[in-house]
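Asker: So the sequences go chain by chain: Z and E.
To convert, count from 1 in the first sequence and add 10; that's the numbering used here.
To convert, count from 1 in the second sequence and add 53; that's the numbering used here.
Have a look at the structure that comes next, please.
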Amino acid sequence: MPAIISVKNLVKRFVNSGKTVTAVDDLSFEIAEGSITGLLGPNGAGKTTTIQMILDLITPTAGTIQVFGLDMKHNREQILSQVNFSSPYVSLPSNLKVWENLYTFARLYGVKDIKGKVDSLADFFAIRDLLPRMTSSLSTGQLTRLNLTKSLLNDPKLLLLDEPTASLDPDIADRTRKLLVRIRKERGITMLYTSHNMEEIAEICDRVIFINKGKWRDDGTPQDLVSKYGRKDLNEVFLALAREGQTEEAMP
Amino acid sequence: MKFHRIKALIIRQLYLYPRSFPRLMDVFFWPVLELLVWGFLSVYLAKLNLNNVNIISFLLGALIFWELLNRSQQAVTIAFLEDVWEKNLLNLFVTPVRIIEFLLSTVVLGLVRILTQGAVLGLIALVLYHFNIFQFGFYTLPFVVSLLIFGWILGLFVVAIILRFGTTAQVLAFGIIFLVQPFTAVFYPVSALPAALQWVAYALPSTYVFEGMRAIIASGTVDVWTLVMSFALDLVYLVLVFWFFYSMFRKVKERGLLLKLES
């Protein structure tokens, strides 16, 4: 399958109070069309920085990123019109009604039949009764569904999901995962997914890429990695890779 | 540049006004209160009959023009800050929206607000103090346009500073205009300033607008020189502020500050 995202020798260094910190260090990977790929790593591994570079929110220090075979610098509008993003850490304006938020983003993406699109997605995510409500009055689970609704308004070919089930209770998290699997099945959307919930990753991802301290560590299907490292599950693989080279004393 | 994206950003802000009393107060209440205070002062001073100078015209004209400058700067800055406060910047910048479209939407929204405010202030000044902002014809219109442009320049400058240095700099959104006020000769002529400060005054496009307005009131004629200087300086500052804004935005992307701005 052709690569939807192609990252080559990506480097990001931040200078903070005169000290240089390397957040992403010579990272290369490809994401195949139609796949759900988990980008895993401990806190500070460089996952969010990598996603933000893919979205052109952070400029790389070195290396190249191609999305749909195009480079972001010269094709930003063309790429971003086919990409969307959802994260519980990025809000939609709470002072707007739910339908106002969705109409705004539909207009930004140049959706032709805004009402039809919003209504059909509202049905899909079961939020039609929430449309007249203020966004500030929604629960965390409802906000997650609203964020996901927003993220499908432009019929994206690529969806970047930053911990989409964080702070959800197990029931809502399970429903959200099932929705994501359904979206992929029905719409064939490629997803890049970050999460600290290894059960979730094992359940929905075709492949995982493991990074630590900004460097590529390993990648493969969840089952392959469990076998390769001779561990009980993906959680243990995560612990082994995250603690690679650390002594007991060095751990918090 | 796509019109539908600018329109989306404007409509999004307009949704808020009908149900937000503080926003309506910001548009109408505070400027009207200021007009009333200065209006009554002007009436009092006019009764003193100081050298037959048209005090009401001088003070109210200056006040209305000053409000236009103040509000046009704030319209741009506050529209941006609302997205920061609502943690919506990342959502916007992962859409195909371009910076210029985002900035233009704040400028157009500011224009709508100012036209509404100007109409209300002009009407109140006419009814209460018999002061017609257009009493000297539509000569004042180019001065108003120049003033609005300078307000947007100041607004963009503050937005660039907040982007780069974070919300600790947001106090500038409400304060920067008062750094300009003493030097731009709003309520007194430039000649009232010490010689050294007159150079500062003449470096500001708004100074020429206030001087030009006083010339119209005093003689009924337009001083074309003040108008030309005002627009020329606007143009220079506009180029500088766009250069400044884009270089700040480039630094923000290099340093990954967009996410930090919202956290």
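Glycine included, each C-beta is placed from N, C-alpha and C at the ideal position.
None of the values given here were measured: they were computed from a predicted structure.
1. Which chain Z residues sit within Cβ distance under 7 Å of F146 of chain E?
2. Which class does Q66 of chain E belong to by DSSP, given the choice of helix, strand or coil?
3. Can you name the residues that DSSP bridges to I64 of chain Z?
4. Starting from V34 of chain Z, find everything on chain E with Cβ-Cβ shorter than 8 Å and list it in chain order.
5. With burial defined as no fewer than 16 other Cβ atoms inside 10 Å of the residue's Cβ, what is the status of M208 of chain Z: buried or exposed?
6. Going along chain Z, which residues have a C-beta under 7 Å from Y68 of chain E?
7. Who are the neighbours of S149 of chain Z on chain E, taking C-beta pairs under 7 Å?
8. Pull up the distance between the alpha-carbon of Q126 of chain E and that of L201 of chain E, whole angstroms please.
9. Go to L50 of chain Z, then tell me how far its alpha helix (DSSP H) extends in each direction, as first and last residue.
10. Please confirm whether G219 of chain E has its beta-carbon closer than 8 Å to some beta-carbon of chain Z.
11. If the cut-off is 9 Å on Cβ atoms, which residues from the segment 84 to 97 of chain Z count as contacting chain E, listed in chain order?
12. Report all residues from its chain with a CB closer than 6 Å to the CB of G56 of chain Z; omit the five preceding and five following residues, and keep chain order.
13. Which residues of the segment 156 to 187 of chain E have a Cβ closer than 7 Å to any Cβ of chain Z? Give them in chain order.
14. Please confirm if G56 of chain Z has its CB atom under 8 Å from at least one CB of chain E.
15. Do we get a CB-CB distance below 8 Å when we pair A248 of chain E with the residues of chain Z?
16. Can you give me the C-alpha to C-alpha distance between P195 of chain E and W91 of chain E, rounded to a whole angstrom?
17. Could you tell me whether any Cβ in chain E is nearer than 8 Å to the Cβ of L140 of chain Z?
18. With distances taken from CA atoms, which of E:R166, E:L176, E:F133, E:L62 is nearest L88 of chain E?
19. Measuring CB to CB, does I14 of chain Z end up less than 8 Å from I64 of chain Z?
20. Taking a Cβ distance cut-off of 9 Å, strictly less, list which residues of the segment 113 to 137 of chain Z are near chain E, in chain order.
21. Taking all protein chains shown into account, do 16 or more other C-beta atoms lie within 10 angstroms of the C-beta of V129 of chain E, making it buried, or fewer, making it exposed?
22. Given L178 of chain Z, which residues of its chain have a CB within under 7 Å of its CB, disregarding the five upstream and five downstream residues?
23. Output the distance between the C-alpha atoms of F115 of chain Z and V150 of chain E, rounded to the nearest integer angstrom.
24. For chain Z, check one thing: does any of its Cβ atoms lie closer than 8 Å to the Cβ of A61 of chain E?
25. Quick one: which unbroken beta strand (DSSP E) runs of 3-plus residues sit fully inside the segment 186 to 238 of chain Z? Chain order, please.
Answerer: A quick look at the data gives this:
1. Within the second sequence, the letter at position 93 stands for residue 146 of chain E. Ordered by position in chain Z, the residues that pass the 7 Å Cβ test against F146 of chain E are L67.
2. Walking along the second sequence from the start, residue 66 of chain E turns up at place 13. Shown here, Q66 of chain E sits in a helix according to DSSP, grouped into three states.
3. For the purposes of this step, residue 64 of chain Z is identified with residue 54 of the first sequence, where counting begins at 1. Answer by DSSP bridge pairing: none, since I64 of chain Z is not bridged.
4. What you label residue 34 of chain Z is simply residue 24 of the first sequence in a count that begins at 1. Among the residues of chain E, none has a CB under 8 Å from the CB of V34 of chain Z; the nearest is roughly 11 Å distant.
5. Position 198 of the first sequence holds residue 208 of chain Z. M208 of chain Z is classed as buried because its beta carbon has at least 16 other beta carbons within 10 Å across all chains shown.
6. The residue labelled residue 68 of chain E in the question sits at position 15 within the second sequence. The answer, in chain order, is L106, E110.
7. Counting from 1 along the first sequence, the entry for residue 149 of chain Z is found at position 139. Those within 7 Å of S149 of chain Z in chain E number zero; the least Cβ separation is about 18 Å.
8. Looking up residue 126 of chain E in the second sequence gives position 73. Looking up residue 201 of chain E in the second sequence gives position 148. Between the alpha carbons of Q126 of chain E and L201 of chain E lies a gap of roughly 8 Å.
9. For the purposes of this step, residue 50 of chain Z is identified with residue 40 of the first sequence, where counting begins at 1. Here L50 of chain Z belongs to no alpha helix (DSSP H); instead the beta strand (DSSP E) covers 46 to 50.
10. Along the second sequence, read from residue 1 onward, the residue named residue 219 of chain E stands at position 166. Closer than 8 Å: no.
11. Cβ contacts with chain E: R86, E87, Q88, I89, L90, S91, V93, N94, F95, S97.
12. Within the first sequence, numbered from 1, the residue matching residue 56 of chain Z stands at position 46. These residues qualify, in order along the chain: A33, V34, I221, G224.
13. Taking 7 Å as the Cβ-Cβ cut-off against chain Z, none of the residues of the segment 156 to 187 of chain E qualify.
14. For this step, residue 56 of chain Z is matched to residue 46 along the first sequence. It does not: the Cβ of G56 of chain Z has no partner Cβ on chain E nearer than 8 Å.
15. What you label residue 248 of chain E is simply residue 195 of the second sequence in a count that begins at 1. At a cut-off of 8 Å between beta carbons, A248 of chain E makes no contact with chain Z.
16. One-based indexing of the second sequence puts residue 195 of chain E at position 142. One-based indexing of the second sequence puts residue 91 of chain E at position 38. Approximately 24 Å, taken between the alpha carbons.
17. The residue you call residue 140 of chain Z lines up with position 130 of the first sequence. For L140 of chain Z, no CB of chain E lies under 8 Å from its own CB, so it is not counted at the interface with that chain.
18. What you label residue 88 of chain E is simply residue 35 of the second sequence in a count that begins at 1. Checked all of E:R166, E:L176, E:F133, E:L62; the closest Cα to L88 of chain E is E:L176.
19. Locating residue 14 of chain Z in the first sequence gives position 4, counting from the first residue. Locating residue 64 of chain Z in the first sequence gives position 54, counting from the first residue. The Cβ atoms of I14 of chain Z and I64 of chain Z do not sit closer than 8 Å to each other.
20. Answer in chain order: Y113, T114, F115, A116, R117, L118, Y119, G120.
21. In the second sequence, residue 129 of chain E corresponds to position 76, counting from 1. Around the beta carbon of V129 of chain E, 16 or more other beta carbons lie within 10 angstroms, which makes this residue buried.
22. The residue given as residue 178 of chain Z occupies position 168 in the first sequence. So the list reads T150, G151, T154, T186, once near-sequence residues are dropped.
23. Position 105 of the first sequence, counted from the first residue, corresponds to residue 115 of chain Z. Position 97 of the second sequence, counted from the first residue, corresponds to residue 150 of chain E. Distance between the alpha carbons of F115 of chain Z and V150 of chain E is about 10 Å.
24. Position 8 of the second sequence, counted from the start, is the residue given in the question as residue 61 of chain E. With 8 Å as the cut-off, A61 of chain E counts as an interface residue toward chain Z.
25. If only complete runs of 3 or more residues are kept, the segment 186 to 238 of chain Z shows the beta strand (DSSP E) at 200 to 204, 217 to 222, 225 to 230, in order along the chain.
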